[in-house]
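Notes follow once the structure below has been shown.
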Amino acid sequence: FFLISMAAIGLIPTVPVFIIAFMRIEAKEPWRITLPMAIIMCIFIYLLFDKLLDVPWPGSFLGDIWPLWKEFIPSA
Numbered sequence: 808f809f810l811i812s813m814a815a816i817g818l819i820p821t822v823p824v825f826i827i828a829f830m831r832i833e834a835k836e837p838w839r840i841t842l843p844m845a846i847i848m849c850i851f852i853y854l855l856f857d858k859l860l861d862v863p864w865p866g867s868f869l870g871d872i873w874p875l876w877k878e879f880i881p882s883a
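Below you can see the structure in the form of structure tokens.
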């Protein structure tokens, strides 16, 4: 499901979705821990892979349908 989600919406939006899903459903963590972790990891991935390492992101299904999506989300 992670790979399908990456192909559909891109890597950066997929990471917080999966962190929230795992921490809430599997680990039963409260929102006050889950949301900051998802936000911090999303920012970390963006800064490390997009800004520091300049990784070329693969395209996504939504990025192909709505080109405006690519202007706001680098991995779309």
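Going by our numbering, the letters in the sequence shown line up with residues 808 to 883, in that order. Don't be surprised by glycine CBs; every beta carbon is placed ideally from N, CA and C. All values derive from a computational prediction rather than experimental measurement.
Start-to-end residues for the alpha helix (DSSP H) that takes in residue i
i: Lys877; result: Pro874 to Phe879
i: Thr813; result: According to the sequence provided, residue 813 is Met. The question's Thr does not apply to it. Its alpha helix (DSSP H) spans residues Phe809 to Ile816.
i: Arg839; result: Trp838 to Ile852
8 Å CB neighbourhood of residue i in its chain, flanking five on each side removed
i: Tyr853; result: Ile819 and Pro881
Proximity to residue i [Cα-Cα], best of the options
i: Ile847; options: Ile811, Trp873, Ile826 and Lys835; result: Ile826
i: Lys877; options: Trp838, Phe808, Ser812 and Gly817; result: Gly817
Close beta carbons around residue i, own chain, < 6 Å, minus the five adjacent residues each side
i: Met830; result: Glu836 and Thr841
Close Cβ partners of residue i (< 7 Å) along its chain, the five nearest in sequence each way excluded
i: Met940; result: A question about residue 940 goes unanswered here, because the residues of the chain that appear run from 808 up to 883.
i: Leu855; result: none
i: Asp857; result: Pro881
Rounded Cβ spacing between residue i and residue j (contact assumed at less than 8 Å)
i: Pro823; j: Cys849; result: 5 Å
i: Phe868; j: Ala815; result: 5 Å
Interface flag, residue i vs chain B, CB-CB below 8 Å
i: Ala883; result: No chain B is part of this structure, which consists of one protein chain only.
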